[in-house]
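Each remark here refers to the structure printed beneath this line.
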Amino acid sequence: MPFEINSLFTVIGQAAVYFVIFLLIAAVLGSLLVAYSFKTERFIFPNFMLFSITVLENLVKALFRLVRMDDSIVDKVGIEVRNKVSIKKFKDTPKNKRIIFLPQCLRAVDCSSRLGPEGMQCTNCGKCEIGQAKKDAEGLGYKVFIVPGSSFVVRLVRKHKPVAILGVGCITEVVSGLEMCEKLNLYGVGLTLDRAGCVSTVLDWDEFYEFIRMTD
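All residue numbers for the sequence shown refer to our numbering, where the first residue is 152 and numbers rise by one.
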């Protein structure tokens, strides 16, 4: 009996070692693919990259820091890969089933909009680009909301029940939003701000307009 227990512990120990080795190899391969994709803008084995970025995120980022590379690259590539995986389904979704979420930090510093149950209520004052962007997107059929935080996003998704979402925000917000879309079986794509922060953030509006018209 003691022999059988020792044998069982040996097998479990060996399995654990092999599993750790597998994770390390997967993380190294994932890190190499992420770095390659970032440098070349070519995405090979996207599903494996998503696995390494999602499941092994902390380990992959640790490897980036180990070689003194910016670990935010992992999130940037993760957004691009998720966009590529979801874009066809997003385009195939009727526009009245798509929602755009814009962050309130894109507003002008002296914005006169007020917070309502569906986010900031734009007055189309012309002091920032949001009013025109909202008008153009709604003209294409999108629902557009200017939100102060993720709690509004969750509430509006539950209320309007979209099939597809375009989220704009800082890297952290976009990553979180795309992960939320995956959990809710929604087709999510994201655009990141060129300059993040709490106020006076910057978005490449040409890219935004190109994106919403490209998916038309």
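Built from N, CA and C at the ideal position, the CB exists for glycine as well.
Beta-bridge analysis with DSSP links V353 to R346. According to DSSP, residue pairing for G267 in a beta bridge involves G270.
Apart from the 5 residues on each side of it in sequence, V260 sits with its Cβ closer than 8 Å to the Cβ of V350 and S351 in its chain, given in chain order.
Membership of K286 in the alpha helix (DSSP H) is indicated by the continuous run I281 to L291. Non-local beta-carbon contacts of V353 in its own chain, meaning distances under 7 Å to residues more than five positions away in sequence, involve L344, D345 and R346 in chain order. Note: A315 is bridge-paired with R249 and Y338 in the DSSP secondary-structure output. The beta carbons of L307 and V298 sit closer together than 9 Å. Residue environment: Y169 is assigned as exposed (fewer than 16 neighbouring CB atoms within 10 Å of its CB, all protein chains considered). Rounded to whole angstroms, the gap between the alpha carbons of K312 and Q283 is 25 Å.
When DSSP reads this structure, F296 sits in a beta bridge with F252. If you look at N275, you'll find it isn't in any alpha helix (DSSP H); DSSP assigns it neither H nor E. Looking at M271, T244 and K235, the one whose alpha-carbon comes closest to that of A315 is T244. Judged by DSSP secondary structure, E192 falls outside any alpha helix (DSSP H); it is assigned neither H nor E. Here the alpha carbons of S264 and T205 stand approximately 37 Å from one another. Out of G300, A178, D222 and N209, the CA that lies nearest to the CA of F189 is found in D222.
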